[in-house]
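**Student:** Have a look at this one.
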Amino acid sequence: MKCEFREGTRVELFNEINQWARRRTPELSEKAVCLLTGKRGTGKSTIASEFARRRHEKKDYGAWFFFVRDVEDLNSTRLVFPTLAHQLAQSQHALRPHIVCAAREYLKGGKDQRMAIQAQSLVHGPVHKVSSTHPPVFLVVDALDECAKDMDTLVPKMLDLLVESVGKARFPLRIFMTSCPNTVIEAALAAAQWAPLVHTISLDSLPPEDIRRDMVAVTNDRLTKLPPGPGRASLEQVPDVATRLVARAEGQFVYAETALDFLNDYPRFVHDRVDTLLSGGSSTFAAKLGPL
């Protein structure tokens, strides 16, 4: 579940991401890959989406692939490189003719070829042909841990091929990835040849007060957008409702958003639903929202 990004939140986090994107420090100058990690429900996909939107505004967005565990074709590596190539051809004029030409040759061997051939034909070759003076281009690969098919074998191979793209490109090609903590993914990116290229940011190490502040801001914003009427008016009688809902969510943006959807579905009964959510401890809160 991807939550809507709210302006004014995640400020410190995006400052750090921007430091990486702009290579502002000597330590980051060689870091072509940024891996954002965090527990499930902490907002990684929302951050990836917002990062892609900001890169699009700056006209250096290249492509985005997101994994979804329960969706066919999005829970495997089969379409990663064809998707990235297709989007790169649309977003970057300098790459388009090289990718179109490469795709014609590639299709002579059939649509479903080995991942190594996909990467080499559709991405490595085209990016190598673009001038070294070309501005940076950013790829986004979201929710690596949601790749459910052959995680132990195909995901490390995919990561090898993805990071290898950086070396094939003569211009600055950058990759922003997200994942829950995962030993297979972390081991692949910690390999000797790739470790110097990878900058890791952990959402789980961010100050809890920063996370709570942003969650309260998002929750207050959503509460003010509830349909007008007796239900919303009755919330004024509930002290610190946003702060208390956030406390129940224990840093999980997805639970906070699900709770707000739960309130929004039946605005006439919002007061009763708030009482339901605020009764019991945080484990009870999660249990009530789990089926939703």
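Numbered according to my numbering, the sequence shown spans residues 602 to 893.
All residues carry an ideal CB built from backbone N, CA and C; glycine is no exception.
This one's a predicted model, so the numbers in the text were calculated from it and none came from an experiment.
#1: Where does Cys604 land, buried or exposed, given buried means 16+ other C-beta within 10 angstroms?
#2: With DSSP as the reference, label Leu708 as helix, strand or coil.
#3: Using only CA atoms, which one of Val767, Phe668, Arg813, Leu807 lies nearest to Val756?
#4: On the three-state DSSP scale, how would you describe His800?
#5: How big is the Cα-Cα spacing for Leu763 and Ala720?
#6: Under 8 Å: do the segment 778-796 and the segment 614-626 share three or more Cβ pairs, one atom per stretch?
#7: Is the shortest distance between the beta-carbon of Pro736 and the beta-carbons of chain C less than 9 Å?
#8: Closest to Leu804 by CA distance: which of Gly642, Glu628, Gln691, Pro773 is it?
#9: Since Phe854 is in the alpha helix (DSSP H), which residue starts that stretch and which ends it?
#10: Along the chain, where does the alpha helix (DSSP H) that runs through Leu760 open and close?
#11: Drop a sphere of 10 angstroms on the beta-carbon of Tyr662, count the other beta-carbons inside from all chains shown, and report buried for 16 or more, exposed for fewer.
#12: Count the other C-beta atoms from every protein chain shown that fall within 10 angstroms of the C-beta of Asn616, then say buried if there are 16 or more, exposed otherwise.
#13: Using 9 Å as the threshold, is the C-beta distance between Ala633 and Val741 below it?
#14: Helix, strand or coil for Asp661 per DSSP?
#15: Using the C-alpha atoms, what's the distance from Val875 back to Lys889?
#16: Given a cut-off of 9 Å on the beta-carbon distance, is the pair Pro828 and Asn783 in contact?
**Tutor:** The answer reads as follows:
#1: Working through the sequence shown from its first residue, we reach residue 604 at position 3. Burial call: buried.
#2: Along the sequence shown, one-based indexing puts residue 708 at 107. Assignment of Leu708 by DSSP, reduced to helix, strand and coil, places it in the helix class.
#3: Numbered from its first residue, the sequence shown carries residue 756 at position 155. Answer by Cα proximity: Phe668.
#4: Counting from one through the sequence shown, the residue named residue 800 turns up at place 199. Assigned with DSSP and collapsed to three states, His800 falls in strand.
#5: Residue 763 sits at position 162 when you count from the first residue of the sequence shown. Residue 720 sits at position 119 when you count from the first residue of the sequence shown. Taking the straight line joining both Cα atoms gives about 8 Å.
#6: Contact between the segment 778-796 and the segment 614-626 is absent, with fewer than three C-beta pairs closer than 8 Å.
#7: Absent from the structure is chain C; it holds one protein chain and no more.
#8: Walking along the sequence shown from the start, residue 804 turns up at place 203. Measuring from the Cα of Leu804, the nearest candidate turns out to be Gly642.
#9: Indexing the sequence shown from 1 puts residue 854 at position 253. Counted as a single uninterrupted DSSP element, the alpha helix (DSSP H) harbouring Phe854 occupies residues 854-866.
#10: As a first step, residue 760 must be located in the sequence shown, where it is residue number 159. From DSSP, the alpha helix (DSSP H) with Leu760 extends over 752-769.
#11: Residue numbering aside, residue 662 sits at position 61 when the sequence shown is read from its first letter. So Tyr662 counts as buried.
#12: Your numbering for residue 616 matches position 15 in the sequence shown. The residue is exposed, with fewer than 16 neighbouring Cβ atoms inside 10 Å.
#13: Taking the sequence shown and counting its residues from 1, one reaches residue 633 at position 32. Taking the sequence shown and counting its residues from 1, one reaches residue 741 at position 140. No.
#14: What you label residue 661 is simply residue 60 of the sequence shown in a count that begins at 1. Note: Asp661 maps to coil in three-state DSSP.
#15: Position 288 of the sequence shown holds residue 889. Position 274 of the sequence shown holds residue 875. Any reading at Lys889 needs caution, since the residue's pLDDT is 48, under 50, leaving its predicted position unreliable; the model's value is listed next. Pairing Lys889 with Val875, the inter-Cα distance amounts to about 12 Å.
#16: Along the sequence shown, one-based indexing puts residue 828 at 227. Along the sequence shown, one-based indexing puts residue 783 at 182. Contact: no.
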